[in-house]
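Working notes, beginning with the structure itself.
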Amino acid sequence: MGQSVYLKNVVTLNLDQEKCVACGLCLLVCPHAVLSLTNGHIEIANRDACMECGACAKNCPTEALSVRSGVGCATAVMNSVLGRKNSACCCTIDPEEKAREISEGSPNTKPKACC
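Throughout, the working numbering is defined as the position within the sequence shown, counted from one, plus 41.
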């Protein structure tokens, strides 16, 4: 059984500042305050808090935001609640596989199944 772990720097969220008009719709729909408005510009304030739900990209009128929705932790939580085996997420690892990687001297910071 996989063990839950917190992984950093695996989120697919991207912001194209040249396309962004700072309308603020992304700020309204993001459930985890990943984005912020600073000096009239939208910024990714906390990338690791993004659960890749896709709400920001779906509501962006200029397509300045992109994210591979359906592959992150939001999907993993839904799959878990629904009893599905495939988490579609980078949030679980096999403890035996991780121990083997460490003993071989090559600890992998991202699981091989990472989206």
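C-beta atoms are modelled at their ideal positions from N, C-alpha and C, and glycine is treated no differently.
Since we're looking at a predicted model, the values are computed, not measured.
The three-state reading of DSSP puts Leu-106 in strand, counting E and B together. By alpha-carbon distance to Leu-66, the top candidate from Val-108, Lys-99 and Gly-124 is Lys-99. The beta-carbon separation of Glu-93 and Val-70, rounded to 14 angstroms, does not stay under the 8 angstroms limit for a contact. The beta-carbon distance between Ile-85 and Leu-78, rounded to whole angstroms, is 12 angstroms. This is too long to meet the 8 angstroms contact definition. Nearest Cα to Glu-104 within the set Gly-124, Asn-87, Cys-64 and Gly-81: Cys-64. At the C-beta level, Arg-88 and Val-52 come within 7 angstroms of one another.
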